[in-house]
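Going by this note's numbering, the sequence shown opens with residue 508, and the numbers climb by one from there. Working notes, beginning with the structure itself.
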Amino acid sequence: MNKSFLLVCALLVSPAAHADRFTQMNQNELCTYTAQLQVAAYYFFEQGKPREEVSIKWHGDETQNEIRFVNKTVADAYTRLASWKGGSSQLLTAQSFGDMVYQACMSEKEL
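Written out as structure tokens, the structure reads:
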């Protein structure tokens, strides 16, 4: 699964190599990217892998803003999932989680 996460990150971050990709994304693109990152984190969380052990392969052309965004998004997913797991016996499905993240982002609301 680690290779899958790296592949997702590689596919998502590779276009427009020298620009800050986040400032160029429209709301739909940004929310899709956010949901994809959080669902990737969901899979690692579900496997019991601590956040500190989730490695992200950087290409070397990311801006500090992009690195901060990806790290914060993954960390936020872990925090949210841990909170839900502590308060419930069952997590949402990965698809439901991703849909919820996307909808919250599109409506610019916190989860």
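Note that beta-carbon positions come from the ideal geometry of N, C-alpha and C, so glycine has one too. As the structure is a prediction and not an experimental result, all values here were calculated from the model.
### Message
I need the boundaries of the alpha helix (DSSP H) containing residue 574, first residue and last residue.
### Response
To locate residue 574, count along the sequence shown from 1; it is residue 67. It spans 571-594 - the alpha helix (DSSP H) in which residue 574 sits, taken as one unbroken run.
### Message
For the stretch 555-574 against the stretch 598-609, do three or more pairs of beta-carbon atoms, one drawn from each stretch, fall closer than 8 Å, so that the two count as touching?
### Response
Contact check between the stretch 555-574 and the stretch 598-609: fewer than three CB pairs, one atom from each, fall below 8 Å, which does not count as touching.
### Query
Is it right to say residue 531 is buried, meaning 16 or more other beta carbons lie within 10 angstroms of its own, or is it exposed?
Position 24 of the sequence shown, counted from the first residue, corresponds to residue 531. Under this definition residue 531 is an exposed residue.
### Task
Report all residues from its chain with a CB closer than 7 Å to the CB of residue 576; omit the five preceding and five following residues, and keep chain order.
Within the sequence shown, numbered from 1, the residue matching residue 576 stands at position 69. Same-chain partners within the cutoff: 529.
### Query
Going by other Cβ atoms of all chains shown within 10 Å of its Cβ, with 16 needed for buried, is residue 547 buried or exposed?
Counting from 1 along the sequence shown, the entry for residue 547 is found at position 40. It is buried - the Cβ of residue 547 has at least 16 other Cβ atoms within 10 Å.
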